[in-house]
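Quick note, the sequences are listed as chains A and Y, same order. Heads up, my numbering is the position in the first sequence plus 101, with the first residue counted as 1. Heads up, my numbering is the position in the second sequence plus 101, with the first residue counted as 1. Note that CB positions come from ideal geometry on N, CA and C, so glycine has one too. Read through the structure below, which is laid out as structure tokens, and then see the notes.
Number of protein chains: 2
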Amino acid sequence: MAKDTHVPASITSADVARLAGVSRATVSFVLNDTQGHRVSASTRARVLDAAKQLGYVPHAAARSLRAGRSNLVLMPASISAVGRLVSDWVDDLHSELDRYGYTAVLHAGRFADPLDAARAWAELRPAAVVALDGDRFTPRAAEVLTRAGVRGLLAFASHPVEGVHTVGFDHTRIGATAAEHLIARGRSRIGVVMPQERGLGTLAAPRLAGAESVAARHMATVTPVELSYTRESASALARRWRGLGLDAAFTYNDEYAALLLHALQAEGIVVPDEVALVGCDDLVLATLQQPALSTVRLDMPTPAQIADAVHELVETGTAKPVPAVNPVLIQRRTS
Amino acid sequence: MAKDTHVPASITSADVARLAGVSRATVSFVLNDTQGHRVSASTRARVLDAAKQLGYVPHAAARSLRAGRSNLVLMPASISAVGRLVSDWVDDLHSELDRYGYTAVLHAGRFADPLDAARAWAELRPAAVVALDGDRFTPRAAEVLTRAGVRGLLAFASHPVEGVHTVGFDHTRIGATAAEHLIARGRSRIGVVMPQERGLGTLAAPRLAGAESVAARHMATVTPVELSYTRESASALARRWRGLGLDAAFTYNDEYAALLLHALQAEGIVVPDEVALVGCDDLVLATLQQPALSTVRLDMPTPAQIADAVHELVETGTAKPVPAVNPVLIQRRTS
Numbered sequence: 102m103a104k105d106t107h108v109p110a111s112i113t114s115a116d117v118a119r120l121a122g123v124s125r126a127t128v129s130f131v132l133n134d135t136q137g138h139r140v141s142a143s144t145r146a147r148v149l150d151a152a153k154q155l156g157y158v159p160h161a162a163a164r165s166l167r168a169g170r171s172n173l174v175l176m177p178a179s180i181s182a183v184g185r186l187v188s189d190w191v192d193d194l195h196s197e198l199d200r201y202g203y204t205a206v207l208h209a210g211r212f213a214d215p216l217d218a219a220r221a222w223a224e225l226r227p228a229a230v231v232a233l234d235g236d237r238f239t240p241r242a243a244e245v246l247t248r249a250g251v252r253g254l255l256a257f258a259s260h261p262v263e264g265v266h267t268v269g270f271d272h273t274r275i276g277a278t279a280a281e282h283l284i285a286r287g288r289s290r291i292g293v294v295m296p297q298e299r300g301l302g303t304l305a306a307p308r309l310a311g312a313e314s315v316a317a318r319h320m321a322t323v324t325p326v327e328l329s330y331t332r333e334s335a336s337a338l339a340r341r342w343r344g345l346g347l348d349a350a351f352t353y354n355d356e357y358a359a360l361l362l363h364a365l366q367a368e369g370i371v372v373p374d375e376v377a378l379v380g381c382d383d384l385v386l387a388t389l390q391q392p393a394l395s396t397v398r399l400d401m402p403t404p405a406q407i408a409d410a411v412h413e414l415v416e417t418g419t420a421k422p423v424p425a426v427n428p429v430l431i432q433r434r435t436s
Numbered sequence: 102m103a104k105d106t107h108v109p110a111s112i113t114s115a116d117v118a119r120l121a122g123v124s125r126a127t128v129s130f131v132l133n134d135t136q137g138h139r140v141s142a143s144t145r146a147r148v149l150d151a152a153k154q155l156g157y158v159p160h161a162a163a164r165s166l167r168a169g170r171s172n173l174v175l176m177p178a179s180i181s182a183v184g185r186l187v188s189d190w191v192d193d194l195h196s197e198l199d200r201y202g203y204t205a206v207l208h209a210g211r212f213a214d215p216l217d218a219a220r221a222w223a224e225l226r227p228a229a230v231v232a233l234d235g236d237r238f239t240p241r242a243a244e245v246l247t248r249a250g251v252r253g254l255l256a257f258a259s260h261p262v263e264g265v266h267t268v269g270f271d272h273t274r275i276g277a278t279a280a281e282h283l284i285a286r287g288r289s290r291i292g293v294v295m296p297q298e299r300g301l302g303t304l305a306a307p308r309l310a311g312a313e314s315v316a317a318r319h320m321a322t323v324t325p326v327e328l329s330y331t332r333e334s335a336s337a338l339a340r341r342w343r344g345l346g347l348d349a350a351f352t353y354n355d356e357y358a359a360l361l362l363h364a365l366q367a368e369g370i371v372v373p374d375e376v377a378l379v380g381c382d383d384l385v386l387a388t389l390q391q392p393a394l395s396t397v398r399l400d401m402p403t404p405a406q407i408a409d410a411v412h413e414l415v416e417t418g419t420a421k422p423v424p425a426v427n428p429v430l431i432q433r434r435t436s
């Protein structure tokens with residue numbers, strides 16, 4: 102532990118310049134690897150020594166201002182909305198981006214208006230923006246980002262957005278996949294769980310719509326049922342379950358499925374005899390339930406595919422298409 | 102959808118200056134609210150109009166360079182290591198920071214050396230750094246950040262770190278709380294689950310040490326047992342469980358507890374008769390297990406308390422102490 106307890110003052114490039122006996126501009130040329138300026142090897146060494154001695158860290162923002170871009174890749178995301186499924190995937194994506202020299206940050210701001218969001222992201226002048234929940238991207242928002250110099254715009258979304266490299270992620274297909282399976286299993290009155298937790302509504306609504314469009318083509322009905330991720334909310338729903346007249350449920354994801362399964366069983370409602378259940382994400386916990394949960398597995402493009410596309414976009418302005426997210430029904434014992 | 106499909110060029114303050122008929126410096130004074138420069142109301146209006154017309158977003162980095170600081174609060178965190186327990190808490194913290202005008206970002210970089218981490222964070226010149234896993238903070242790392250102008254350094258850590266506003270989070274107390282309970286329940290051969298997932302080792306090791314120090318004061322033993330968060334790993338552990346001669350386990354958290362509980366039951370091992378289990382975090386799923394899981398609840402300071410402290414640190418360089426994280430044993434049916 103250092104004995105010296107004074108608070109160190111901020112070190113600037115001026116301090117480095119003074120110690121190295123060069124101009125501040127020369128310090129900037131050396132530390133920011135500015136092209137088109139000749140600095141002798143000995144001067145360069147003197148500057149690097151002085152920076153090291155003073156513990157000077159170059160300012161990424163200053164560097165990005167000079168170079169006209171940063172190495173930041175911004176992912177708009179609230180971490181509680183990012184489920185267990187994608188959290189490992191996002192970590193892996195960050196590692197892959199790191200391989201290319203990018204620094205990935207999650208931006209946690211919540212915005213009612215996509216344009217406000219785009220403006221807030223643009224202020225950080227990232228090299229790229231990668232949105233998992235890209236259905237709120239608009240052409241205007243993309244334009245705000247492009248005009249601010251953001252070169253890589255990649256979004257998971259159900260429909261192509263002008264100016265954005267879109268990876269297909271159609272949440273209606275998730276609800277449709279679950280509903281098709283439940284109807285094939287002979288069920289006709291399907292409840293679709295709508296999680297009440299913030300940030301999930303924009304994902305849950307298209308899943309409901311997908312189930313509804315499948316039901317409309319068969320003699321089946323779909324009823325949205327609200328559920329919060331608490332034991333109390335699940336018990337309340339289970340108590341009024343028989344009054345709803347439903348013989349099946351698609352539960353948004355496996356965690357809500359496990360919660361509802363336990364609550365239904367506590368009310369003496371037998372799964373799957375009285376109610377068939379289908380979750381989503383194929384989490385480890387799905388196989389642990391008794392009976393084991395049927396679920397929709399989401400086959401994602403690999404983090405390396407996304408990182409490659411982001412880098413291509415930043416470097417060249419275009420990128421090869423990335424395969425879409427594909428929902429696959431995994432039948433176990435609850436359906 | 103706009104018919105015009107050209108990719109818009111980057112808009113800079115020079116474009117705004119041209120349209121407004123003023124100098125680039127004047128644009129900067131107006132858009133960055135620079136103090137000490139007089140700009141007439143009509144010039145100001147002209148600049149704001151031009152910026153709006155062109156869709157120009159000021160550069161946060163440029164603003165931070167001029168103001169000498171940014172409004173960024175950086176949280177080093179891999180999102181998969183941030184458990185379910187803290188993910189809602191982190192979201193709430195981001196909202197509280199937003200109230201003060203800060204933008205919170207999660208920095209996902211992984212670093213073997215705390216100094217490398219500090220340098221990478223320092224490059225972004227945040228106003229503050231908030232570390233949940235602060236035991237890897239060193240006085241040297243704090244100095245790198247302080248010298249780079251970071252004013253708010255707040256870390257959850259077991260011991261005070263020079264130059265860092267420390268919030269007590271002693272993971273040894275979590276392991277000790279679990280071990281004390283298990284010993285009070287008549288158990289003497291305690292397994293401590295060591296999760297093999299990346300990022301969790303630094304949290305699991307002190308929990309093990311805490312259990313060991315309690316066991317050493319009683320006639321009890323502690324045995325670390327490795328477990329990955331997969332069904333296969335849990336089954337393998339359950340199959341060799343009886344050979345380990347353990348009558349209790351503290352499982353790192355509730356998710357590993359649920360996984361191990363199911364695997365033990367599948368091997369015909371009765372919980373709690375043969376093995377008592379204690380998880381951690383008091384998640385919703387703990388109450389859903391059969392039998393319901395005993396657990397260690399972690400009482401955290403509120404997100405508002407942390408945001409207040411961060412803002413105080415940034416504004417004044419000091420802050421009132423924040424209450425430490427407090428582990429509380431919740432006994433249910435597995436112990």
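{"Asked": "Please report the straight-line C-alpha distance between Gly210 (chain Y) and Ala223 (chain Y), rounded to a whole angstrom.", "Found": "13 Å"}
{"Asked": "Between the C-alpha atoms of Ala221 (chain A) and Arg398 (chain A), what's the straight-line distance to the nearest angstrom?", "Found": "34 Å"}
{"Asked": "List the whole-angstrom C-beta distance separating Val158 (chain Y) from Val123 (chain Y), where the pair is believed to meet the contact cut-off of C-beta under 8 Å.", "Found": "Actually they are not in contact, since the Cβ atoms of Val158 (chain Y) and Val123 (chain Y) sit about 18 Å apart, beyond 8 Å."}
{"Asked": "Counting only runs of 4+ residues fully inside the segment 368 to 435 of chain A, write out the alpha helix (DSSP H) ranges in chain order.", "Found": "385 to 389 and 404 to 417"}
{"Asked": "Ser259 (chain Y) to Ala312 (chain A), Cα distance in whole Å?", "Found": "50 Å"}
{"Asked": "Within 7 Å of any Cβ in chain C, is that where the Cβ of Glu224 (chain Y) sits?", "Found": "Structure shown: chain C not included; protein chains present are A and Y."}
{"Asked": "Tell me whether Ala349 (chain A) sits in a helix, a strand or coil according to DSSP, three-state version.", "Found": "strand"}
{"Asked": "Among all the DSSP beta bridges, which residues are the ones paired with His266 (chain Y)?", "Found": "Y:Leu255"}
{"Asked": "Among Y:Leu345, Y:Ser395, Y:Asn354 and Y:Glu244, which one has its Cα closest to the Cα of Pro373 (chain Y)?", "Found": "Y:Ser395"}
{"Asked": "Under a three-way DSSP split, which group does Ala118 (chain Y) fall into?", "Found": "helix"}
{"Asked": "Out of Y:Ala146, Y:Ser141, Y:Val140 and Y:Ala316, which one is the CA nearest neighbour of Leu120 (chain Y)?", "Found": "Y:Ala146"}
{"Asked": "Are Glu368 (chain A) and Ala339 (chain A) touching if we call contact CB-CB under 7 Å?", "Found": "yes"}
{"Asked": "Quick check: Tyr203 (chain A) and Pro296 (chain A), are their CB atoms within less than 7 Å of each other?", "Found": "no"}
{"Asked": "Using the three-state DSSP reduction, which class does His208 (chain Y) fall into: helix, strand or coil?", "Found": "strand"}
{"Asked": "Looking only at C-alpha atoms, which of A:Thr127, A:Gln154 and A:Ala152 sits nearest to Ser141 (chain A)?", "Found": "A:Thr127"}
{"Asked": "Going by DSSP, name the residue or residues bridged to Gly292 (chain A).", "Found": "A:Thr324 and A:Ala350"}
{"Asked": "Looking at the structure shown, is Pro261 (chain Y) part of a helix, part of a strand, or coil, going by DSSP?", "Found": "coil"}
{"Asked": "Pick out whichever of A:Ile431, A:Thr435 and A:Val415 has its Cα sitting closest to the Cα of Leu361 (chain A).", "Found": "A:Thr435"}
{"Asked": "Near Glu454 (chain A), which residues of its chain fall below 7 Å by C-beta distance, leaving aside the five closest residues on each side in sequence?", "Found": "Nothing about residue 454 (chain A) can be reported from this structure: the residues present for chain A run from 102 to 436 only."}
{"Asked": "Per DSSP, what kind of secondary structure is Val231 (chain Y) in: helix, strand or coil?", "Found": "strand"}
{"Asked": "Tell me which residues of the segment 322 to 347 of chain Y have at least one Cβ-Cβ distance to chain A shorter than 8 Å, keeping chain order.", "Found": "Tyr330, Thr331 and Arg332"}
{"Asked": "Nearest-angstrom Cα distance between Asp355 (chain A) and Ile112 (chain A)?", "Found": "51 Å"}
{"Asked": "Hey, quick one: how far does the alpha helix (DSSP H) through Leu309 (chain A) stretch, first residue to last?", "Found": "Gly302 to Arg318"}
{"Asked": "Does Val174 (chain Y) come out as helix, strand or coil in the three-state DSSP assignment?", "Found": "strand"}
{"Asked": "Let me check understanding here. Comparing Cα to Cα, which of Y:Leu309, Y:Phe270 and Y:Leu254 lies closest to Glu281 (chain Y)?", "Found": "Y:Leu309"}
{"Asked": "In angstroms with no decimal places, state the Cα-to-Cα distance between Lys421 (chain Y) and Thr247 (chain Y).", "Found": "19 Å"}
{"Asked": "Identify each residue in the segment 256 to 279 of chain Y for which the Cβ-Cβ distance to at least one residue of chain A is less than 9 Å, and report them in chain order.", "Found": "Glu263 and Gly264"}
{"Asked": "Which of helix, strand or coil does DSSP assign to Phe130 (chain A)?", "Found": "helix"}
{"Asked": "List, in chain order, every chain A residue whose beta-carbon is nearer than 8 Å to that of Val385 (chain Y).", "Found": "Tyr330, Thr331, Arg332 and Leu360"}
{"Asked": "Relative to chain Y, which residues along the segment 189 to 217 of chain A have a C-beta separation below 8 Å, given in chain order?", "Found": "Asp189, Val191, Asp192, His195, Ser196, Asp199, Thr204, Ala205, Val206, Leu207, His208, Ala209, Gly210 and Arg211"}
{"Asked": "Who are the Cβ neighbours of Ala316 (chain Y) in its own chain at under 7 Å, not counting the five residues just before and after it?", "Found": "Ala280, Ile291, Thr322 and Val323"}
{"Asked": "List the residues of chain A whose Cβ lies closer than 8 Å to the Cβ of Ala221 (chain Y), in chain order.", "Found": "Thr204"}
{"Asked": "Looking at the unbroken alpha helix (DSSP H) that takes in Gly156 (chain A), where does it start and where does it end?", "Found": "Segment: none, Gly156 (chain A) is in no alpha helix (DSSP H) and carries neither H nor E."}
{"Asked": "Does the beta carbon of His319 (chain A) come closer than 7 Å to any beta carbon on chain Y?", "Found": "no"}
{"Asked": "So, helix, strand or coil for Leu166 (chain Y), using DSSP?", "Found": "Note that Leu166 (chain Y) scores 49 on pLDDT, short of 50, meaning its location in the model is unreliable; the coordinates nonetheless yield the value given after this. If DSSP states are grouped into helix, strand and coil, Leu166 (chain Y) belongs with the helices."}
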